[in-house]
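Working notes, beginning with the structure itself.
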Amino acid sequence: MTMTSIGELEIADPTGADEILRAQLDRDGYLFFSQLLNPAAVRATRAAVLDALYECGWLAEGELLDSALPSSRVRREEANADPAFFDAYKSIQHLQSFHELAHNPALTSMMVRLVGQPLLVHPRKIARIGLPRDPYVVGAHQDFPLNHGSPDVLTAWITLGDCPDEMGGLKVWPGSHKAGLRPVAPVPNVGGLRVADPVEDEPGWRTASFRAGDVLVFHSLTVHAAKANHTDRLRLSSDFRYQNATDAVAEGSLVPHYFPVVPAHDELTAAWTSTDAIATPDTLLVVDGFDPFVGPPDPVRSRLITLD
């Protein structure tokens, strides 16, 4: 698919009334905010990530760091399989600034408006590195079978730097959340799951040419997928997740992404000046995960969206 066959994301107005934003989220399953974050804050995080990748030998010598031109040492994310990937990934997870971007006041204040107080920012912060011209992309999936806990978790997908259409980015299928939790099928790569039905050729998908500062928010039942990176540069992005702290949360959302291959938070944060970015309340309702091929033990219900 190309931008000619995928529609443009509808831009949400962050100054609109809370009930309007929540109604739009209920209708479409997503909210796309243009320049919700200060681009300088995003670019500062990008610079820290690129510096970490450079120290791991992942960037080409003799090139500007911000160009994100990779060296021959880059490796695809292979879900716990490639130590060379995780050497670089751990260096990103060690960055205090990466984790703190999820707590940017413009972002957390918006999430409070959508999910209410008290807000829980998941300590599991996810970095994504899209390799140039990689034939593998993450296919259509929902986040709930991966998050477990409450279905009312919102993901904020943030590109770390400008991400024009040819660099890929993310696409969402508006209204797909209304069908609730869909059957899944296994895939031998990142996440390990996709929706079982072949939905990527269905009409109505939306995307954008993303810029630093843009934020795409979507519900955990909204079907979404990555797009291929057709450039010669690395695509950097992050997935940060939010929910009301009174709702159930799974243990996996409270530990580092890819734990225990990525070490525990006490090791990741040893050199930090503050650990607020991974702190959680003591009163959380922590629940076990479920078998995604069977589904959760109780019917899926939501306070944020209306299910068919």
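Numbers in the working numbering are just positions in the sequence shown, counted from 1, shifted up by 1455. Note that the Cβ used here is the ideal one computed from N, Cα and C, for glycine as well. Remember, it's a predicted structure, so these values are computed and weren't measured experimentally.
Please confirm whether residue i and residue j have their CB atoms less than 8 Å apart.
i            : j            : result
residue 1562 : residue 1504 : no
residue 1688 : residue 1526 : no
residue 1665 : residue 1618 : yes
residue 1675 : residue 1610 : yes
residue 1677 : residue 1485 : yes
residue 1600 : residue 1469 : no
residue 1603 : residue 1648 : no
residue 1506 : residue 1520 : yes
residue 1608 : residue 1680 : no
residue 1639 : residue 1654 : no
residue 1586 : residue 1531 : yes
residue 1570 : residue 1759 : yes
residue 1625 : residue 1545 : no
residue 1635 : residue 1742 : no
residue 1783 : residue 1573 : A query on residue 1783 cannot be resolved here, the shown segment of the chain reaching from 1456 to 1763 and no further.
residue 1500 : residue 1540 : no
residue 1511 : residue 1483 : no
residue 1606 : residue 1757 : yes
residue 1708 : residue 1556 : no
residue 1652 : residue 1637 : yes
I think residue i touches residue j, with their Cβ atoms under 8 Å apart; what is that distance to the nearest whole Å?
i            : j            : result
residue 1733 : residue 1578 : 4 Å
residue 1464 : residue 1670 : Their Cβ separation, rounded to whole angstroms, is 11 Å, which puts residue 1464 and residue 1670 out of contact at 8 Å.
residue 1685 : residue 1588 : 6 Å
residue 1581 : residue 1712 : 5 Å
residue 1667 : residue 1623 : About 15 Å; that fails the 8 Å criterion.
residue 1672 : residue 1575 : 15 Å between Cβ atoms; not a contact.
residue 1487 : residue 1467 : 6 Å
residue 1513 : residue 1529 : 5 Å
residue 1697 : residue 1644 : The Cβ separation is near 26 Å, so there is no contact.
residue 1568 : residue 1476 : 7 Å
residue 1524 : residue 1515 : 4 Å
Could you tell me whether any Cβ in chain D is nearer than 8 Å to the Cβ of residue i?
i            : result
residue 1542 : Absent from the structure is chain D; it holds one protein chain and no more.
Kindly indicate the opening and closing residues of the beta strand (DSSP E) around residue i.
i            : result
residue 1649 : 1648-1650
residue 1673 : 1670-1674
The region 1613-1632 / the region 1707-1727 touching (three or more Cβ pairs under 8 Å)
no
3-residue-minimum beta strand (DSSP E) runs that sit fully inside the region 1576-1640, ordered along the chain:
1581-1585, 1609-1614, 1624-1627
Write down every uninterrupted run of the alpha helix (DSSP H) in the region 1510-1587 whose length is 4 residues or greater and which is fully enclosed by it, in chain order.
1538-1548, 1551-1556, 1560-1570
Just list the alpha helix (DSSP H) runs in the region 1456-1505, keeping only unbroken ones of 4 residues or longer that don't cross its boundaries, in chain order.
If you keep only unbroken alpha helix (DSSP H) runs of at least 4 residues inside the region 1456-1505, you get 1473-1483.
What ranges does the alpha helix (DSSP H) occupy inside the region 1677-1745, keeping only unbroken runs of at least 4 residues that lie completely in it?
1720-1723
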